[in-house]
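Beneath this line is the structure, given in structure tokens, with notes to follow.
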Amino acid sequence: MTPEEREELCFLPATDIVTAVADRRLSPVEIVDAVLDRLDTVNPLIGAFCTPAPEQARARALALADALARGGTPGPLAGVPLGVKDLIATAGLLTTSGSPAYRDHVPDEDDIVVERSRGAGAVVLGKTNTTEFGYSAAGHNPLFPPSRNPWNTALTPGGSSAGSAAAVAAGLGPVALGSDGGCSLRVPAAFCELVGFKPSMGRVPVWPGCRDERYPGVSGWESLEHLGVLTRTVADTALMLSVLAGPDPRDRHSIPCQDVDWNAAARLGALEGCAGLRIAYSPDLGYLPVDPAVRAVVDGAVSVFRDLGCTVEEADPGWSDPAEAFQALITAETDLTGMRRLIGTHGPSMSPHLVAWMTREWTARELTDANIARKALTNRMAALMSRYDVLLTPTSAVPPFPVGIQGPDRIGGRRVDDTAWIGFNYPASLTGAPAVSVPAGRTPDGLPVGLQLIGRHLADATVLRTAAAYEAIRPWARRRPRGIGTDVGTGAARALG
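Residues are numbered in the numbering used here as their position in the sequence shown, beginning at 1, plus a constant of 1442.
Given below as structure tokens:
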């Protein structure tokens, strides 16, 4: 097999891999070996995988190949290489949550999404890098080298599912598991030109019980945390959700999914489009500053939906900025006693922003006000979505920015807090609504921009269908970084800092 053919294997969609393995045209071993070889070359440049597991992956691929040779039935993810975010528990495989406090933590059990993925035939390549405990939308932590954006390695891939996004964009597997409590699937998708789908709250179960009580930092944000995937195509997202979604008694928030045929929704959008949908477009939600280059790209992407036969109206959703309420709710769902104990032992080596956040004193009134604000937002979202099927916004207020910072302090000429750039993501997180980021295009500097599609309560199928219809007109999956360390938009070489 030529180097070019091996590269093509690395960028094969998961849907093609499953079909080729089932037809015996490709072996799981061929696929996994090609991706692991690429990982050896590329990963040192982008820091996507913090804990690669090549021996485990090859053993799993060999076992799958042997089972198929003996007449076994291939699973729905047979032979698909998979990255797993380092916040998600993996039995027998280091799970550090990006923190020095957990540098030696090896869980005894898989989280539900890993259990289901392995059971369907996926091959876990290792753990992908994350920000410390997921409390940041950038791509660095104090334990491992930072993750870097494959389109420009001087820039962040976003976070907290930083390594998962960098891996998929760079051809280190077609799919990767991630989580999204506030923006952590959608922002990395926007920055790395990927699909990042946050399903409705409860569609994909989370199992806090598999997380060792001695490690309080990964107890989870119970009413906010969503698990999902990063992929290069909408069809791959649908394939993964067809395996991951569905209730589990270990997660009291998990809900049935019989109302959603994930694969059919993606096929329907790709083949028949989404004509007739009523779409609201809000370029700033009425309160957020936006980089003019981002606004221009998203305006152009939104025009596509008119071509698809949708009714598109610019709308002001009518709610106030929920950023403070979001931060208070995260704090309320954190094991502060345990986290502060970790800080007492490891504080000097932990992320400064995390230490400051976890040691701040919050009042009961602040936490109560946050819950009231969440209810008000949910009501206003329901009122808006009674008139529309989908709400469109930018995913991020800015394009990718340099590695090592939490975010820009100025957007569109306005001085802002360094988390203001992720504000478009909070409404879907706080309400539990389904939301996806899809590639909207590039800035004049060649940097990826994401478009966010938010659906009605539990309308996951509509969001998937709409994303697939948009992808059919504006496909992006054939684009790939041709030289890690080079900005593809300008061709200018970028130094690895």
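Even for Gly, the Cβ is constructed at its ideal location relative to N, Cα and C.
Quick caveat, the model's predicted, so the values are computed rather than measured.
Check                                                                                                                                                                       : Outcome
For isoleucine 1721, write down the residues that DSSP places opposite it in a beta bridge.                                                                                 : Val1754 and Val1832
Quick one: Cα of proline 1923 to Cα of alanine 1825, how far?                                                                                                               : 42 Å
Please report the distance separating the alpha-carbon of valine 1484 from that of threonine 1805.                                                                          : 47 Å
Contact defined as beta carbons within less than 8 Å: I believe glycine 1883 pairs with alanine 1743. What is the distance between those atoms, to the nearest angstrom?    : 6 Å
Would you decide whether isoleucine 1926 is buried or exposed? Buried here means 16 or more other CB atoms lie within 10 Å of its CB.                                       : buried
With distance defined between alpha-carbon atoms, name the residue in Gly1728, Leu1669 and Ser1665 nearest to asparagine 1813.                                              : Ser1665
In three-state terms, what does DSSP make of proline 1523?                                                                                                                  : strand
Near valine 1565, which residues of its chain fall below 6 Å by C-beta distance, leaving aside the five closest residues on each side in sequence?                          : Val1474, Ala1499, Arg1502, Ala1503 and Pro1523
Give a yes or no on whether the minimum CB-CB distance between leucine 1536 and chain D is below 8 Å.                                                                       : As a matter of chain content, chain D is missing from the structure shown, which is built from one protein chain.
Once you ignore the five residues that flank leucine 1478 on each side, which residues in its own chain have a CB closer than 6 Å to its CB?                                : Pro1496
Taking DSSP as the reference, what is the three-state secondary structure of proline 1956?                                                                                  : The structure shown does not extend to residue 1956, since the chain spans only 1443 to 1939, so no value can be given for it.
Could you tell me how far apart the beta carbons of isoleucine 1530 and valine 1548 are, in whole angstroms, since I believe they sit closer than 8 Å?                      : That pair is no contact at about 14 Å.
Assign isoleucine 1847 to one of two classes, buried (16 or more other C-beta atoms within 10 Å of its C-beta) or exposed (fewer than that).                                : exposed
Please go through the stretch 1549–1580 and give each complete beta strand (DSSP E) segment of 3 or more residues, from N-terminal end onward.                              : 1565–1570
To which residues of the same chain is valine 1471 closer than 7 Å at the C-beta, ignoring the five residues directly before and after it?                                  : Ala1503, Leu1504 and Ala1507
Does the beta-carbon distance from leucine 1889 to proline 1841 come in below 8 Å?                                                                                          : yes
Could you tell me if isoleucine 1915 is buried or exposed, where buried requires 16 or more neighbouring beta carbons within 10 angstroms of its beta carbon?               : exposed
Taking only three categories from DSSP, how would you classify isoleucine 1530?                                                                                             : coil
Among Asp1482, Ala1464 and Gly1534, which residue has its Cα nearest to the Cα of cysteine 1452?                                                                            : Asp1482
With burial defined as no fewer than 16 other Cβ atoms inside 10 Å of the residue's Cβ, what is the status of methionine 1682: buried or exposed?                           : buried
Go through its chain and collect everything with a Cβ distance to threonine 1908's Cβ below 7 Å, but skip five positions before and after it.                               : Gly1711, Cys1716, Leu1719, Val1832 and Leu1895
Spatial neighbours of cysteine 1699 within its chain, please: CB distance less than 7 Å, with the 5 preceding and 5 following residues excluded, ordered by chain position. : Arg1645, Ala1687 and Gly1688
Is the distance from the Cβ of tyrosine 1868 to the Cβ of glycine 1620 below 8 Å?                                                                                           : no
What residues are listed by DSSP as bridge partners for phenylalanine 1639?                                                                                                 : Val1671 and Val1878
Measuring straight from C-alpha to C-alpha, what distance separates threonine 1673 and alanine 1611?                                                                        : 8 Å
What do you reckon, is the C-beta of alanine 1738 under 7 Å from a heavy atom of the ligand NAP?                                                                            : This structure lacks the ligand NAP, and indeed carries no ligand of any kind.
Roughly how many angstroms lie between the CA atoms of serine 1603 and arginine 1467, to the nearest whole one?                                                             : 33 Å
Under 8 Å Cβ to Cβ from asparagine 1872, same chain only, skipping five residues before and after it: list those, please.                                                   : What sits at residue 1872 in the sequence shown is leucine, not asparagine. Hits under 8 Å: Leu1666, Pro1764, Ala1767, Phe1768, Leu1771, Arg1816, Leu1819 and Thr1820.
Cβ of proline 1599 within 8 Å of Cβ of cysteine 1634?                                                                                                                       : yes
Going by the DSSP bridge assignment, what does aspartate 1726 pair with across the sheet?                                                                                   : Answer by DSSP bridge pairing: none, since aspartate 1726 is not bridged.
DSSP three-state label for isoleucine 1473, please.                                                                                                                         : helix
Taking buried to mean at least 16 other C-beta atoms within 10 Å of its own C-beta, is leucine 1454 buried or exposed?                                                      : buried
Under 8 Å Cβ to Cβ from proline 1759, same chain only, skipping five residues before and after it: list those, please.                                                      : Ala1722, Ser1724, Leu1727, Gly1728, Arg1822, Met1823, Leu1826, Leu1833 and Pro1869
Is cysteine 1492 helix, strand or coil by DSSP?                                                                                                                             : strand
Measure the Cβ-Cβ separation of alanine 1490 and leucine 1669 and say whether it is below 8 Å.                                                                              : no
Could you check what DSSP says for leucine 1796 in three-state terms: helix, strand or coil?                                                                                : helix
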